[in-house]
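*Asks:* One structure, as structure tokens, below. Some questions next.
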Amino acid sequence: MARMHTHSRGQSHSTRPVSKRPPPWCQYSPEEVEALVVKLAREGVPPSEIGVILRDQYGIPLVKAITGKKICQILREAGLEPKIPEDLARLLEKAERMKRHLMRHRGDRKNIHSAQLLESKIHRLVKYYKSIGRLPADWKYEPFAGKFI
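Here it is, written out as structure tokens:
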């Protein structure tokens, strides 16, 4: 599948394990895996990095195969789920960096267009997260890209 605002295709990535069952060489119990996820979250590690750490350092290929729950579900039960979903938070950080850049370089037309595309992604994600209940209905993002034209 192609990218949203470019003509390129997606990035290469590692493939997931074929089997949905835990591998026989993984000796962790579901309680131990949940405890590791909660411990890493309390240390301030975001959910996307928790899976990578568990894979690389502990040899746990998939949390869901062992526990039957996704990482965000475990964090939600422990009360450690982030207030704003991680993908939206990263887009908001990128928009803030772009806003600071455009305040200094007002004539940068390429980045003005990039900011508009970024804001459309943000609005699309906000609409989705409001529809599934991950964001409150009154949550609002204030756009900035139109102010530089």
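Sequential numbering of the sequence shown, starting at 944, is according to our numbering.
Note that beta-carbon positions come from the ideal geometry of N, C-alpha and C, so glycine has one too.
Evaluate Ala1080 with the Cβ neighbour count: other Cβ atoms within 10 Å of its Cβ, from every protein chain shown; 16 or more gives buried, anything less gives exposed.
*Replies:* It is exposed - the Cβ of Ala1080 has fewer than 16 other Cβ atoms within 10 Å.
*Asks:* If you pair each beta-carbon of the region 1046-1064 with each one of the region 995-1009, do three or more pairs fall below 8 Å?
*Replies:* They do not touch, by the three-pair rule.
*Asks:* For Leu1034, I'd like the list of residues in its chain whose CB is within less than 8 Å of its CB, leaving aside the five on either flank, ordered along the chain.
*Replies:* For Leu1034, where only same-chain residues beyond five positions count, the Cβ hits under 8 Å are Leu1061, Lys1064, Ile1065, Leu1068.
*Asks:* When the Cα atoms are used, what is the spatial distance from Lys1083 to Pro960?
*Replies:* Computed Cα separation, rounded: 39 Å.
*Asks:* For Arg1077, which three-state DSSP category applies?
*Replies:* Arg1077 falls in the coil class under three-state DSSP.
*Asks:* If you count every other CB in all the chains shown that lies within 10 Å of the CB of Met944, and 16 or more means buried, which is it?
*Replies:* Unreliable placement is indicated for Met944, whose pLDDT of 41 sits below 50; the coordinate value is still reported in the next sentence. Burial call: exposed.
*Asks:* According to DSSP, is Arg1040 part of a helix, a strand, or is it coil?
*Replies:* Looking at Arg1040 - three-state DSSP - the assignment turns out to be helix.
*Asks:* Would you tell me roughly how many angstroms separate the C-alpha atoms of Tyr1072 and Leu1078, rounded to the nearest one?
*Replies:* Cα-Cα distance, rounded: 6 Å.
*Asks:* Let me know if Glu977 comes out buried or exposed under the rule of 16 or more other beta-carbons within 10 Å of its beta-carbon.
*Replies:* Glu977 is buried by the Cβ-count criterion.
*Asks:* Taking only the alpha-carbon atoms, compute the straight-line gap between Glu1020 and Gly1011 and give it to the nearest angstrom.
*Replies:* So the two alpha carbons sit approximately 13 Å from each other.
*Asks:* Can you give the Cα-Cα distance for Ala1032 and Leu1023, rounded to whole angstroms?
*Replies:* Whole-angstrom Cα-Cα distance: 16 Å.
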